[in-house]
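Here's the structure, in C-alpha cells; my notes come after.
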Amino acid sequence: SQSKVGWRYLGSRFYYISTELKTWSESRQDCRSRGGDLVIINSREKQEFIIKQLGNNEAWIGLSDRDTEGVWKWVDGTRLTTAYWRDGEPNNAGDEDCAEMLSSHVSKSWNDAPCSAQLSWICEKSAFQ
Ligand code: 2F8
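Mapping the sequence shown onto my numbering, position 5 (from 1) lands on 20, and the numbers just tick up by one.
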C-alpha cells in the first residue's frame, strides 16, 4: 500500500493537507495519484477534525458547482446536503466554482473561490487499501 507519511487518521480514513499550492483540478489530480481524492465533508465530526488540522490556513475541498452553476456536488458525484458556508457564501464573486475551507468558525468556514486559484488542498483516502 502507499505511504501514509503526513496523513492523519479519523474513522477508518486518512487525511492529508498539502504544503504546496495548486489549482483545484491539479489538487484533485494530486490526491488521486496518492490513492485518494479531495476531501468530502459529510459530517460535523469531519468538519471539526479538518478545521483543527488546517490551523490558520485555507485549502481546497472536494466540492464544486462547475457542472451546473449553483448546484454544488462532491467529487464522488453526490449533492451537497449539510453545508458549512461562511455567512454570505457561496457568492460566485467574479466566477467561483470551487470550494475552499478557511480557518474560521467551525460551522461557517467554506468559501467559493476561482478554481484557478493556487491553494493548499486536503486529500482523503480509505485506511483499507
Ligand atoms: O468577502 C468575501 C469574498 O472575499 C474574497 O473576495 C474579495 C474572496 N475571493 C477569493 O477568494 C479569490 C471571495 O471568494 C469571497 O466571497
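Yeah, the Cβ is synthetic: ideal placement off N, Cα and C, and Gly gets one too. Note that the coordinates shown come from a computational prediction; the quantities given were computed from them, not determined experimentally.
In or out: residue i buried (at least 16 other Cβ within 10 Å) or exposed?
i    : result
Y30  : buried
R126 : Arg is not the amino acid found at residue 126; the sequence shown has Asn there. Buried: at least 16 other Cβ atoms inside 10 Å.
Q44  : exposed
D112 : buried
G51  : buried
Where do the N-terminal and C-terminal ends of the beta strand (DSSP E) with residue i fall, by residue?
i    : result
F29  : R28 to I32
K37  : Where K37 is concerned, there is no enclosing beta strand (DSSP E), given that its DSSP letter is neither H nor E.
K140 : S135 to S141
I'd like to check one pair, residue j with residue i: are the Cβ atoms closer than 8 Å?
i    : j    : result
S124 : I66  : yes
W75  : E115 : yes
When the Cα atoms are used, what is the spatial distance from residue i to residue j?
i    : j    : result
E41  : W100 : 23 Å
E9   : R94  : There is simply no residue 9 to check, as the chain begins at 16 and stops at 144 in what is shown.
L25  : E139 : 10 Å
L117 : S79  : 16 Å
L36  : S135 : 5 Å
A142 : A98  : 25 Å
H120 : Q68  : 14 Å
V86  : T96  : 11 Å
E104 : A128 : 10 Å
S122 : R23  : 21 Å
Among all the DSSP beta bridges, which residues are the ones paired with residue i?
i   : result
W89 : L78
L53 : C138
Residue range of the alpha helix (DSSP H) that residue i falls in?
i   : result
R94 : No alpha helix (DSSP H) contains R94, which DSSP labels as neither H nor E.
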